[in-house]
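Residue numbers (UniProt numbering): 1 to 110.
Glycine included, every Cβ here is placed at the ideal spot set by N, Cα and C.
Nothing here was measured: the structure is a model prediction, and the numbers come from that model.
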Amino acid sequence: MSKLFFKGRIETRQNHVLAGYNVNRDVKAGSEESPIAVVVKTEERKAEVAALVAEHAIFAEIVVDADQEENTVELDTILNKPKTIVFDKKPNRNDPCSCGSGKKYKKCCA
């Protein structure tokens, strides 16, 4: 018998596979289907947040409530996404040196 043979009920295995955390979501936060929730204290702050939302084409439900603490975590997360860092390729040992000397990299700048 194979090591990869599943010894159990098929419906249980399928339910387990489907119950995991979905990291590849089809619905993005801030879209029309899934608007973000923002709580602000004043109408002036609501106008500022609404301008930011309109500028970045994000859908949000903005609630004005002076009793609650301001909550703009979801909006800040969407606006401040980390950028991908791209490094320049380091030359191989036998490539010509980038300084222009004409020597191999390993003999010049390595």
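Q) In terms of alpha-carbon separation, which member of A54, I62 and N92 lies closest to I36? A) Checking every option, the nearest Cα to that of I36 belongs to I62.
(Q) Am I right that N71 and V38 are in contact with their C-beta atoms under 8 Å? What's the rounded C-beta distance? (A) 7 Å
Q. Below 9 Å between beta carbons: does that hold for K83 and D95?
A. no
Q.
Within 10 Å of its beta-carbon, does G30 have 16 or more other beta-carbons around it, so buried, or fewer, so exposed?
A. buried
**Q.** C-beta atoms of V40 and V53 nearer than 9 Å
**A.** no
Q) When DSSP labels each residue in this structure, what does E69 get in the three-state scheme? A) The three-state reading of DSSP puts E69 in coil, since its state is none of H, G, I, E or B.
Q. Where do the ends of the alpha helix (DSSP H) carrying A51 lie?
A. E43 to E55
Q: Counting only the same chain and skipping the five closest in sequence on each side, list residues whose C-beta sits under 6 Å from that of K46.
A: Same-chain partners within the cutoff: V40, I62 and V64.
**Q.** Straight-line Cα distance separating K106 from A51
**A.** Each residue's Cα considered, the two are about 55 Å apart.
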